[in-house]
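**Student:**
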Amino acid sequence: MKGRILPRSFYARPTAEVARALLGKVLVHGATAGTIVETEAYLGGGDDLAAHTARGMTPRTQVIFGPPGHAYVYLIYGMYECLNLVAEPDGTPGCVLIRALAPVTGIELMRKRRPKARGIGDLASGPGKLTLAMGITRAQNGVDVTRGALVVREPREESRFEILVTPRIGISKCADLPLRFVMEQEMANSRS
DNA sequence: AGGTAGATCTCCT
DNA sequence: GGAGATCTACCTT
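When we follow the working numbering, the leftmost residue of the first sequence carries the number 24, and every step to the right adds one.
#1: Quick check: the region 112–124 against the region 84–103, are at least 3 beta-carbon pairs closer than 8 Å?
#2: I think His93 touches Met157, with their Cβ atoms under 8 Å apart; what is that distance to the nearest whole Å?
#3: Have a look at His75 and Val166 and give me their C-alpha separation to the nearest angstrom.
#4: DSSP on Pro37, reduced to helix/strand/coil?
#5: Count Cβ pairs between the region 131–146 and the region 178–192 that sit closer than 8 Å; are there 3 or more?
#6: Which residue from Glu177, Arg183, Tyr34 puts its Cα closest to that of Lys25?
#7: Check this for me: beta carbons of Thr58 and Leu45, under 8 Å apart or not?
#8: For Ile143, count neighbouring Cβ atoms within 10 angstroms of its own Cβ and tell me buried if that reaches 16, exposed if not.
#9: Considering only the beta carbon of each residue, do Tyr95 and Glu104 sit closer than 8 Å?
#10: For Ile99, which option in Ser32, Thr169, Lys152 has the closest C-alpha, if you only look at C-alpha atoms?
#11: What number of angstroms, rounded off, separates the C-alpha of Gly114 from the C-alpha of Thr81?
#12: Does Val166 come out as helix, strand or coil in the three-state DSSP assignment?
#13: Could you tell me the distance, in whole angstroms, from the CA atom of Gly129 to the CA atom of Leu108?
#14: How close, in whole Å, do the beta carbons of Ala147 and Ala123 come, if the pair is a contact with beta carbons under 8 Å?
#15: Alpha carbon to alpha carbon, what distance is there between Pro91 and Ile28?
#16: Can you give me the Cβ contacts of Gln163 inside the same chain, cut-off strictly under 7 Å, excluding the 5 residues immediately before and after it?
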């Protein structure tokens, strides 16, 4: 029995709140699914200079200004695609970058798509990796994530976890803002 | 184990 | 013309 799909109202609130709330939810695309374990908020409004929307709307970024609960997929450094989920009410910019997933289903398919990954932990442990592993491309830019092939669901069973808040990764502007959210799983069993 | 180079799209100066 | 919300391969310790 699957968890319910997150409704559009889930996304229609402040971006940082959505980023935090997405931790522990399950991203599903086709036959693959993974638990969201790391997110970053990119704010609209112009104060956040690291956001793609900092200098207004462009053809690429117009979906971020649109209704919440949609996907924004963009190409970074010419090679890798990154998945964002649009937050805030229609007309207000703001999106959440999905930075890392813990694979749940379709792991064999993910391995096939990323043959160089060393283990489960490497399959979707970065923004560019997780889009490759789940088969997400710019073809999914602008799609509705409250219905269709690409959706976000409640987890099947509730789990308790700590949330770590840190500055965002890989940017130089506004790098001091605490807008990165990481699921901190208490692992007493990890041995190397 | 850790650092660096290379690949090559979109938007701004 | 060049930086950027990155990842991998190929170096050197």
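For each residue, glycine too, the CB sits at the ideal point set by N, CA and C. Treat the numbers as computed from the prediction; the structure is a model and nothing was measured.
**Tutor:** For this structure:
#1: Touching, yes, given that three or more Cβ pairs across the two stretches are closer than 8 Å.
#2: Residue 93 sits at position 70 when you count from the first residue of the first sequence. Residue 157 sits at position 134 when you count from the first residue of the first sequence. Actually they are not in contact, since the Cβ atoms of His93 and Met157 sit about 17 Å apart, beyond 8 Å.
#3: Residue numbering aside, residue 75 sits at position 52 when the first sequence is read from its first letter. Residue numbering aside, residue 166 sits at position 143 when the first sequence is read from its first letter. Each residue's CA atom was taken as its position, placing His75 and Val166 some 19 Å apart.
#4: On the first sequence, residue 37 is found 14 positions in, with the first residue counted as 1. Collapsing the DSSP output to three states places Pro37 in coil.
#5: Contact between the region 131–146 and the region 178–192 is absent: fewer than three C-beta pairs spanning the two stretches fall below 8 Å.
#6: Your numbering for residue 25 matches position 2 in the first sequence. Shortest Cα-Cα distance from Lys25 to any of Glu177, Arg183, Tyr34 involves Glu177.
#7: The residue labelled residue 58 in the question sits at position 35 within the first sequence. The residue labelled residue 45 in the question sits at position 22 within the first sequence. No; because the gap between Cβ atoms is not below 8 Å, this pair is not in contact.
#8: Position 120 of the first sequence, counting from 1, holds the residue named residue 143. In summary, Ile143 is exposed, with fewer than 16 beta-carbon neighbours lying within 10 Å of its beta-carbon over all protein chains present.
#9: Taking the first residue of the first sequence as position 1, residue 95 is located at position 72. Taking the first residue of the first sequence as position 1, residue 104 is located at position 81. No.
#10: By one-based count along the first sequence, residue 99 stands at place 76. For Ile99, the closest of Ser32, Thr169, Lys152 by C-alpha to C-alpha distance is Lys152.
#11: For the purposes of this step, residue 114 is identified with residue 91 of the first sequence, where counting begins at 1. For the purposes of this step, residue 81 is identified with residue 58 of the first sequence, where counting begins at 1. A straight-line Cα-Cα distance of about 14 Å links Gly114 and Thr81.
#12: If you number the first sequence from 1, residue 166 lands on position 143. Note: Val166 maps to coil in three-state DSSP.
#13: Against the first sequence, residue 129 aligns to sequence position 106. Against the first sequence, residue 108 aligns to sequence position 85. Distance between the alpha carbons of Gly129 and Leu108 is about 22 Å.
#14: Here residue 147 corresponds to residue number 124 of the first sequence, with the count starting at 1. Here residue 123 corresponds to residue number 100 of the first sequence, with the count starting at 1. Between Ala123 and Ala147 the Cβ distance is about 6 Å, and since that is below 8 Å, they are a contact.
#15: The residue labelled residue 28 in the question sits at position 5 within the first sequence. The residue labelled residue 91 in the question sits at position 68 within the first sequence. One C-alpha to the other measures close to 14 Å.
#16: Taking the first sequence and counting its residues from 1, the one referred to as residue 163 is at position 140. Closer than 7 Å at Cβ, skipping near neighbours: Ala94, Val96, Leu173.
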